[in-house]
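Using our numbering, you'd call the opening residue of the sequence shown number 1307 and step up by one each time. Heads up, the beta-carbon is just placed ideally off N, CA and C, and yes, glycines get one too. All values derive from a computational prediction rather than experimental measurement. Contents: one structure, followed by commentary.
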Amino acid sequence: EATKRWAGDVRVLAFNPGFIPSSGLFREPRKDNWFAATAFTFVATYIARFAVPIDVGGARLAALAASSKNDFGAGEYLSAEVGSSAYTKAEGFDKAAVSAEAQDDAKCAKLWELSAQAVGCVSR
């Protein structure tokens, strides 16, 4: 929606950093049961390999921040296979499909309007 409304002014990219249980987003389970959360993080990252280390998420963000419009087009959503450490196109971090809801123009416009209203901004 931002790409439509800000066409040419701002290049908007969205990305999936990967499941990173070692990040602050996993802090509540760690507070409730430190041992279980730490064990889960280890198993998910190094044995089952469906999670990624925090530096992979950071590398993905850095790759997007340093990218040009030739690397990734405006409005793209980027992701990699579950558990992959890829953070470049060559490694498999590339354009990915978004949910059906994110493809619904009416829902996107409504979310934009409601969000703008919630934070007191004038929609453009």
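Contiguous alpha helix (DSSP H) elements confined to the segment 1344–1391 occur at 1360–1371, taking only those with 4 or more residues. Taking one beta carbon from each stretch, the segment 1365–1373 and the segment 1326–1345 have fewer than 3 pairs nearer than 8 Å; the two do not touch. For a cut-off of 8 Å, the C-beta gap from Leu-1420 to Phe-1399 is around 31 Å, too long to register as a contact.
Pairing Thr-1394 with Ala-1369 gives a Cβ-Cβ distance under 8 Å. No residue range can be given for Lys-1395, since it is assigned to no alpha helix (DSSP H) and is classified by DSSP as neither H nor E.
Under DSSP, Ala-1320 forms a beta bridge with Tyr-1383.
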